[in-house]
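Numbering (this note's numbering), first residue to last: 36 to 221.
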């Protein structure tokens, strides 16, 4: 009796393909993209991986194709990030804002334990601590740190109450940093 078992069905190829997919997910996650974009990209990448599996004549060609595909994905993501990341020379020397406007905080990810509305409310509270009299470089520094801290706080919070308590600490840190900047400016 003949067996139609091929290299495509081997445990080694299955294991290496699973590891490759995990690595791709890790790479996609490291760029801070929205989950819906990541899922869309993963679907297209998995379709391409399956196409490579079907087209490859031998295991070695398939594995080399996966490495090449991974490198292409990384390059495209880096190009995309580079294209949309503001260059230092393009950044305005002053942060333009009216007294009633808020600084633009960006949420990196969404989390089910804390609603977007609650997160925006906490960011609005922090906006009230940022003084227009401090230099824009300091404002940019504060905004970037708040974005990172807020994201980490939302990710680690167990619920809204926990999130709010932790954000109170972030607000206090912002208040301290603004006070420190204003004291040093005098």
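Every residue, glycine too, gets a C-beta built ideally from N, C-alpha and C.
As the structure is a computational prediction, the values presented were derived from the model and not from experiment.
Next on the checklist: For a test of the three-state rule: what should DSSP assign to residue 149, helix, strand or coil?
Outcome noted: strand
Next on the checklist: Here's a check: name, in chain order, each residue in its chain whose Cβ is nearer than 7 angstroms to the Cβ of residue 206, leaving out the five neighbours to either side.
Outcome noted: 160, 161 and 164
Checklist entry - What is the residue span of the alpha helix (DSSP H) that residue 173 lies within? => result 171-191
Checklist entry - Are the CB atoms of residue 87 and residue 101 nearer to each other than 8 angstroms? => result yes
Checklist entry - How many angstroms separate the CA atom of residue 144 from the CA atom of residue 41? => result 42 angstroms
Checklist entry - Just checking my contact of residue 196 with residue 157 at CB under 8 angstroms: how many whole Å lie between their CB atoms? => result Their Cβ separation, rounded to whole angstroms, is 12 angstroms, which puts residue 196 and residue 157 out of contact at 8 angstroms.
Checklist entry - Is it buried or exposed for residue 170, if we count other Cβ within 10 angstroms and need 16 for buried? => result exposed
Checklist entry - Mind checking whether residue 83 and residue 60 have CB atoms under 8 angstroms apart? => result no
Next on the checklist: Just to check my reading of the structure: residue 174 and residue 212 have Cβ atoms closer than 8 angstroms, yes? What is that Cβ distance to the nearest angstrom?
Outcome noted: Residue 174 to residue 212, Cβ: 11 angstroms. No contact.
Next on the checklist: Using the three-state DSSP reduction, which class does residue 194 fall into: helix, strand or coil?
Outcome noted: coil
Next on the checklist: Quick check: residue 63 and residue 98, are their CB atoms within less than 8 angstroms of each other?
Outcome noted: no
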